[in-house]
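Report on the structure given below.
Numbering (the numbering used here), first residue to last: 5 to 864.
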């Protein structure tokens, strides 16, 4: 009362305006107990008077005026006086935006609370999108960033719940689901369990109409709970998902999963169906401990297989049982190998009539069971059971799944439409944007069969290695260590029928493994899923690296061509490096047989037929096809698309193959020294010219090349991203200069090579010292002397980096040094000890910067 009187007195005379401010401060102290929900409305008359008085007096403390305005707006909202709140907010917002912008977000949240929450959702999505392709790498830092954003969105969800607007709640829940999707991996989904449970509970509480989203969330929660052995909780979520699946697209999948968990809870009942017996044994095998013996694990898995195929599983399993193999006619080692091959072939043929004997009553369930059995057996290292289970599972691919492709082509068009719709980022509140990506059990089964193709191929390669053979290699005859009578003439194994039988069997295993890989790629193409084709490519390149390293790419050319065709159709899943490696392997395979004998290295002459062997030449000229493949890879990685860039070491290989193809086609590479699109890239120019020099003087067409001095100048001017490629380039230039008797260029290149070698060494030492310091910090355990040791390692790292002029490594060491020394900064004594190492760090930063400037000026 008295404060209001003082206010009335002061407002009429500018001399007493100071009393208005003082009265407002005292007023604020008095009314603080009323600043809570349900009581704020009592302050509206008095607080309105104070705000008006401060505005009239044009009080200079605008921060204080803004704070009182915000409180008055909250009072209007608490009293449900919406009209007064709207009228006042327009004036207050304009004042705060112009004078106190840091409080504008607060008043905006009062004016449009839902909009602010939606903006926060967009900010969270943007934070994750900034990671770009790094999301797919799943490195520790990337995953932690995603989890940090998800935790922030959990708080936003609580704000939305307090606001009580169902539409805003649904926006936040949909955003949270989208952010959790990349982390739904088996080893990561436990981190998003709590956020997903919050989403499911809140959507259930408001009875949201985002039915499909709720169904999918419950499915993923159930999967997480199952992995954590919380069976009852998982079953509860599966039941909710089944109830919410109105369209029925997940029904079969959900009911199979629920039935499987239900069987796990049956302690005192025996299942009636053989499939249920298999489920129980597979689940029991999954829960086996790592210390359990292989014999115990194997017993459960074998029994599961026998339950699924009592007529044939044991016979197929015995195909690798050496006790069942006869010793052969002559009892020699080769005779035994022949008998083993024949026994294996005869045993696995027993799978052929299995489906006819069984019928086709529950194929989808049995595909799942065989696939689960194969996966568990592979994980536990029971390889013979894994191979047998894969054979039975893939019977369903041969029998039924080849009928699917026509339907799949229609779905490809749908999928492309879906991707367009998803990328538009429409209204998150609309249910229509969610169910477009319809789930298909048939597609999911085809995906499962593709996985089993991978597993079967790997398991077959494992069997080949047990025979001492790598994929696509031929069997090597065993050494004959037996004693023979005088005059005995040994028979060449190549002419021995037993050895021929065994060799054909080994070759068939390699062919069978490759067929599995290629069938998986075919399935990926049918499904239009790039990751399946990409995985096939990685498997094929890894398991055939011995062929590629020894120049035998020609033996797998057809497979590589099939993979390149599939990748062009589906995309390369963002991994351009692997695609370029495929192109180079294919290009080399196509061109090697066209290089004349005199051009090949000595060790290659024995492995590759000469160009004159027309019977083994491709029908279309190899160099032409090589040129097409190389130019496809070079145009893709020319820098026009930033995400498609590859390391220069990878690009160098395809450049070398392309130049050789141009030589065989007798096509000159003109002054641009590259393809039309990449002619301006200086490093590409240098590498192309270098390969042209290498190809000249070999009896084929000679390229028109730039002068050696010009090429050396170009090399020294380049900013090399890979010091090892630069080192190799300078070394080759040194050799060419020596061959042309140019002593000056020899000295220039050799001196630069020696300097570069020293720089590379210093960089490696810097990296090693930095890693040492980081490792010490990670194993600190609160020991102060170890922290000092880590700081010394970082100082040493900065020294090495300063010597080589690598500013990035110096700053990395400096950052780690600073973080390590932070606890010492509070003590004057500790700060004194840090003086010298800090000066060393600063000196090396300056040294690195000056060296970079020196190199730039010398290049100019």
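The beta-carbon is built from N, C-alpha and C at its ideal position, and this holds for glycine as well.
- Excluding sequence positions up to five before and after residue 314, its CB lies within less than 8 Å of the CB of 278, all in the same chain and listed in chain order.
- By the C-beta density criterion, residue 31 is buried, having at least 16 other C-beta atoms within 10 angstroms.
- In this structure, the CA atom of residue 339 is about 6 Å from the CA atom of residue 502.
- With at least 16 other beta carbons inside 10 angstroms of its own, residue 180 counts as buried.
- The three-state secondary structure of residue 721, taken from DSSP, is helix.
- Residue 120 sits in a helix when the DSSP states are folded into three classes.
- Here DSSP, grouped into helix, strand and coil, assigns residue 104 to coil.
- Taking 8 Å as the cut-off, the Cβ atoms of residue 475 and residue 548 count as close.
- In the structure shown, the three-state DSSP call for residue 24 is helix.
- Taking the CA atoms as reference points, residue 37 sits about 42 Å from residue 213.
- The DSSP-derived three-state label of residue 674 is coil.
- Around the CB of residue 217, 16 or more other CB atoms lie within 10 Å, so the residue is classed as buried.
- It is roughly 11 Å from the alpha-carbon of residue 29 to the alpha-carbon of residue 22.
- Annotated three-state conformation of residue 576 is coil, per DSSP.
- Spanning the alpha carbons of residue 74 and residue 94 requires a straight line of approximately 12 Å.
- When the alpha-carbon of residue 658 is set against those of 688, 674, 647, the nearest one is in 688.
- The beta-carbon distance between residue 451 and residue 531, rounded to whole angstroms, is 7 Å. This is short enough to meet the 8 Å contact definition.
- In the structure shown, residue 546 falls within a helical segment according to DSSP collapsed to helix, strand and coil.
- Taking 8 Å as the cut-off, the Cβ atoms of residue 368 and residue 445 count as close.
- Going by beta carbons, residue 807 and residue 858 fall outside the 8 Å limit.
- By a beta-carbon distance limit of 8 Å, residue 172 contacts residue 122. Their separation comes to about 7 Å.
- When Cβ pairs closer than 8 Å are counted between the two stretches, the stretch 743 to 756 is seen not to touch the stretch 777 to 785, the count staying below three.
- Going by C-alpha positions, residue 793 is about 26 Å away from residue 762.
- Spanning the alpha carbons of residue 740 and residue 631 requires a straight line of approximately 26 Å.
- Non-local C-beta neighbours of residue 232 in its own chain, meaning closer than 7 Å and more than five positions away in sequence, comprise 194, ordered along the chain.
- Our two residues, residue 56 and residue 80, have alpha carbons roughly 15 Å apart in a direct line.
- About 14 Å separates the beta carbon of residue 694 from that of residue 744, a gap too long to meet the 8 Å contact definition.
- Residues 320, 323, 395 of the same chain have their beta carbon placed closer than 7 Å to that of residue 352, with the five preceding and five following residues left out of the count.
- Considering only 646, 705, 45, the residue with the shortest C-alpha distance to residue 671 is 705.
- For residue 705, the three-state secondary structure derived from DSSP is coil.
- Annotated as proximal: residue 221 and residue 204, with beta-carbon spacing under 8 Å.
- When only Cα atoms are considered, residue 8 and residue 67 end up about 22 Å apart.
- With a cut-off of 8 Å on Cβ pairs, the stretch 155 to 167 is not in contact with the stretch 132 to 141, counting fewer than three such pairs.
- If only complete runs of 4 or more residues are kept, the stretch 770 to 850 shows the alpha helix (DSSP H) at 788 to 808, 811 to 825, in order along the chain.
- Going by beta carbons, residue 737 and residue 764 fall outside the 8 Å limit.
- Secondary structure at residue 344: helix, using DSSP grouped into helix, strand and coil.
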